[in-house]
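Undergrad: Shown below is the structure under consideration.
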Amino acid sequence: MRRFIYSKVEQFHYEDIKEKIEEIKDAFDRYLDSYPVKTSQSKHGIMGPVGKILQEIKKGKWDVEGLSGYAVNIHLHNPKTKGRISENARAALEEGIEKLLSLIREESIAAQDRILELVDYGLYYRRRKKSLAWLESVKREWVEFLKEKYSTWENLVKAWGEKPKKGIQDIESIGYPSKRVYAEAKDQKKADMGEFIKQAELKGYDLDDEEE
């Protein structure tokens, strides 16, 4: 027969630490703006090294330099970073770690878990919104590129020489120009996508596959 152990539950006062949590998310968010993963489907991909940091803190690893070094190592091993991290990005990362550790040291174990959860999912939601906004901005530029080149839907269909897919009936409804779509494209469509991708990459975009 199971025995239940009753203990006093310490109330979690979110309003008292709300501002500090926002500051932590702000710092990590600034760091992740420099981390080259914008269209990842998974939470793991979107959160990058920050997700790993939160896991390590939950395990009881509370050393600022150790956690910073761990995160920077992950960052530098991402091929898209080309082995570089800016001073501003590193500073934002370290600031987030310092502020988070400073906050949870003042709290009970139960409160620590709740704080980590709030930072984790709050930051994920913020990054997810940015990811979707980024995809939409690239799509808008792709649409403007096609409008400038072909003017009308009829001209585009004729140039591409393919039957439009279901649900695509004008230039506005053409989807995000991912590298997967580019790999499947042929002839003039492929040439147009290649030209746009080249222009986009010159602006700093990295056209990974849009998630399905």
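All letters in the sequence shown, in the order written, are residues 6 to 217 by my numbering. Beta carbons: idealized from backbone N, C-alpha and C, even for Gly. All of these numbers come straight from a predicted model, not from anything done at the bench.
Would you say Gly127 and Lys57 are within 8 Å of each other, going by their C-beta atoms?
TA: No; because the gap between Cβ atoms is not below 8 Å, this pair is not in contact.
Undergrad: Locate the alpha helix (DSSP H) running through Gln60, then write down its first and last residues.
TA: Per DSSP, Gln60 belongs to the alpha helix (DSSP H) from Lys48 to Lys63.
Undergrad: Within the same chain, show all residues whose beta-carbon is closer than 6 Å to that of Pro54, passing over the 5 residues directly before and after it, in chain order.
TA: Here the set comprises Ala76, Ile79 and His80.
Undergrad: Helix or strand or just coil, what does DSSP make of Asp192?
TA: In the structure shown, Asp192 sits in a helix (DSSP, three-state: H, G or I).
Undergrad: Pro182: buried (16+ other C-beta within 10 angstroms of its C-beta) or exposed?
TA: Its Cβ being crowded by 16 or more others within 10 Å, Pro182 is buried.
Undergrad: Can you grab the Cα-Cα spacing for the pair Gly71 / Arg95, in whole Å?
TA: Their backbone Cα atoms lie some 13 Å apart in a straight line.
Undergrad: Between the alpha carbons of Asp68 and Ser113, how many angstroms are there, rounded?
TA: Taking the straight line from one Cα to the other gives about 18 Å.
Undergrad: Report the rounded CA-to-CA distance for Ala32 versus Lys168, giving the unit in angstroms.
TA: Ala32 and Lys168: Cα-Cα distance of roughly 48 Å.
Undergrad: With a CB to CB cut of under 6 Å and the five nearest residues on each side skipped, what residues in its chain are close to Leu123?
TA: Closer than 6 Å at Cβ, skipping near neighbours: Ile26.
Undergrad: If you follow the alpha helix (DSSP H) that Ser91 is part of, which residue opens it and which one closes it?
TA: Here Ser91 belongs to no alpha helix (DSSP H), and DSSP marks it neither H nor E.
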